[in-house]
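**Student:** Numbering of the sequence shown is given in the numbering used here, commencing with residue 17 and proceeding in unit increments.
All C-beta atoms, glycine included, are put in the ideal place defined by N, C-alpha and C.
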Amino acid sequence: MLGETPQLCDVAFEVLIPTTRGNGGAVPGHYASAVEESALLAAIAKRSQDLGTRFPHVRTGPGDDCAAVRIGNVDCLLTVDQVIEGRHFRRGTPLDLVARKAVARSVSDIAAMAGTPVCALATGAFPKGFPQASADELSASLKRWAEHWRCPLVGGDLASMARESDPLVLTVTAIGTPHGVRGPVLRSGARPGDFLYVSGALGGSFEPATGLGRHLTFEPRIELGRRLADLLGQDLHAMMDISDGLGRDASRMAEASGVRLELEASSLPFAAGVSHWKHAAGDGEDYELLFAAPGGIDMAGLPVPITRIGRVVEGNACVFLQGGREWPASELGWEHR
């Protein structure tokens, strides 16, 4: 797990949870009480349920990897993510990797809905005294990585913090379009009879000794998302990326779809260095794709290995099955407090 640097949930907007530092005392000007992220996100989604009725151009609001909005004659995908020093990366992490992660997190949200990135906006809030040369290096890296994923930066905003001890914060808003005729793939479409699949390998994204690791270098699954949409069409019933850990994110898919997900712990694909299924299920920051679709489909020609890890049945829960026991999936992964 990321220890002191847990990531935040990627559900079309970012929630910044007030934190404490040092010996646990509240930072001056910060709240001492904790916010439970899942409860706050659920409340936001509930308040937004009638958005599509009141604003017909809003196709999908809060509660998924991206919002889907009709602008003119075009359906657009919109998402925003942030990276915060001390939460998503350590101070001293190479700035190029910080910029890469900031862009990749938002691009991964577009991939999670089988979309194509179009452009991005970025903001930066720098600690007091942040060197001009470092700010320039960071902005150049943001530009380079955004263009690498064909999601060029087209604007943004800059601000400075009051103290040298304040964190560096970057925010990236990505805009994309659904791929082909399939339309955006939501996390709410899993249905009984589907199987559950995951791309790549899971766990071990963070190297505790250095703060480096795959959480800084993962590849957003843009091409895979589009290929799955082409291959499966409307049979690609639900999809999301895994940021807070397979257990917690799969639980979100189960809740959104109103079904029970049964995940086979023995089937999880382990990343290099991972030896226990709970790390694969709960470490987080994998940014692989979890999707629900019928069985019997040949996925051998896809650009990333695909593993079948479970099934969808009637009910309303998400569990791991291991050794004749059931483990609540939501207990594995990040809950930001």
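If you follow the beta strand (DSSP E) that residue 132 is part of, which residue opens it and which one closes it?
**Tutor:** Unbroken beta strand (DSSP E) run through residue 132: 131-142.
**Student:** With distance defined between alpha-carbon atoms, name the residue in 56, 290, 207 nearest to residue 328.
**Tutor:** Comparing Cα-Cα distances from residue 328 to each of 56, 290, 207, the minimum goes to 207.
**Student:** Quick one: using the 10 Å Cβ neighbour count with 16 as the cut-off for buried, is residue 233 buried or exposed?
**Tutor:** Burial call: exposed.
**Student:** Given a cut-off of 7 Å on the beta-carbon distance, is the pair residue 76 and residue 84 in contact?
**Tutor:** Yes. Within cutoff.
**Student:** How big is the Cα-Cα spacing for residue 100 and residue 235?
**Tutor:** Their Cα atoms are separated by approximately 20 Å.
**Student:** In the DSSP assignment, what residue or residues form a beta bridge with residue 213?
**Tutor:** DSSP lists 307, 324 as partners of residue 213.
**Student:** In or out: residue 190 buried (at least 16 other Cβ within 10 Å) or exposed?
**Tutor:** When all chains shown are included, residue 190 counts as buried.
**Student:** According to DSSP, is residue 65 helix, strand or coil?
**Tutor:** Residue state, collapsed to three classes: coil.
**Student:** Would you say residue 203 and residue 254 are within 7 Å of each other, going by their C-beta atoms?
**Tutor:** Cβ distance < 7 Å, so residue 203 and residue 254 count as in contact.
**Student:** In whole angstroms, what is the alpha-carbon distance linking residue 293 and residue 284?
**Tutor:** Rounded to the nearest angstrom, the two C-alpha atoms are 7 Å apart.
**Student:** Looking at residue 153 and residue 184, is the spacing between their C-beta atoms short of 7 Å?
**Tutor:** No, they are not a contact pair.
**Student:** Name the residue from 266, 224, 123, 140 whose alpha carbon lies nearest to the alpha carbon of residue 133.
**Tutor:** The shortest C-alpha separation from residue 133 is found at 123.
**Student:** Are residue 260 and residue 219 closer than 7 Å when you measure CB to CB?
**Tutor:** No, Cβ-Cβ distance for residue 260 and residue 219 is not below 7 Å.
**Student:** What residue ranges within the region 251-292 form continuous alpha helix (DSSP H) runs of no fewer than 4 residues, ordered along the chain?
**Tutor:** List check, alpha helix (DSSP H) in window: 262-273.
**Student:** Decide if residue 358 is buried, meaning its Cβ has at least 16 other Cβ atoms within 10 Å, or exposed.
**Tutor:** The first residue shown for the chain is 17 and the last is 353, placing residue 358 beyond what the model contains.
**Student:** Taking a contact to mean a Cβ-Cβ separation below 7 Å, would you say residue 270 touches residue 262 in this structure?
**Tutor:** Taking 7 Å as the Cβ cut-off, residue 270 and residue 262 do not qualify as a contacting pair.
**Student:** Relative to the C-alpha of residue 296, which residue among 247, 326, 349, 341 is closest?
**Tutor:** Comparing Cα positions, the closest option is 349.
**Student:** For residue 68, which residues in the same chain have their Cβ closer than 6 Å to its Cβ, ignoring the five residues on either side in sequence?
**Tutor:** Contacts found: 74.
**Student:** Check the C-beta distance from residue 212 over to residue 305 and give it rounded, since I have them as a contact under 8 Å.
**Tutor:** Going by Cβ atoms, the distance from residue 212 to residue 305 rounds to 11 Å, so no, they are not a contact pair.
**Student:** Which residues in the same chain as residue 39 place their Cβ atom closer than 6 Å to its Cβ, once the five residues preceding and following it in sequence are excluded?
**Tutor:** Only weak support is given to the placement of residue 39: the predicted model assigns it a pLDDT of 32, under 50, and the question is left unresolved by the model.
**Student:** Could you check where the alpha helix (DSSP H) with residue 154 kicks off and where it finishes?
**Tutor:** Residues 148-164.
**Student:** From this set, 319, 55, 280, which residue's C-alpha is nearest residue 341's C-alpha?
**Tutor:** It is 280 whose Cα lies nearest to the Cα of residue 341.
**Student:** Could you spell out where the alpha helix (DSSP H) holding residue 122 opens and where it closes?
**Tutor:** That run of the alpha helix (DSSP H) goes 111-128.
**Student:** Would you say the beta carbon of residue 110 is closer than 6 Å to some non-hydrogen atom of the ligand MN?
**Tutor:** The ligand content of the structure shown is nil, which means the ligand MN is not present either.
**Student:** Does the distance from the CB of residue 167 to the CB of residue 136 come in under 7 Å?
**Tutor:** Cβ atoms of residue 167 and residue 136: closer than 7 Å.
**Student:** Which residue's Cα is closest to the Cα of residue 155: 311, 71, 224, 171?
**Tutor:** If we check each option's Cα against that of residue 155, 171 comes out closest.
**Student:** What's the C-alpha gap between residue 103 and residue 336?
**Tutor:** Cα-Cα distance, rounded: 28 Å.
**Student:** Pick out the complete alpha helix (DSSP H) segments inside the region 172-252, 4 residues or longer, and give them in chain order.
**Tutor:** The qualifying runs are 238-248.
**Student:** Which value, in whole angstroms, describes the spacing of the CA atoms of residue 119 and residue 63?
**Tutor:** Spanning the two alpha carbons is a distance of roughly 29 Å.
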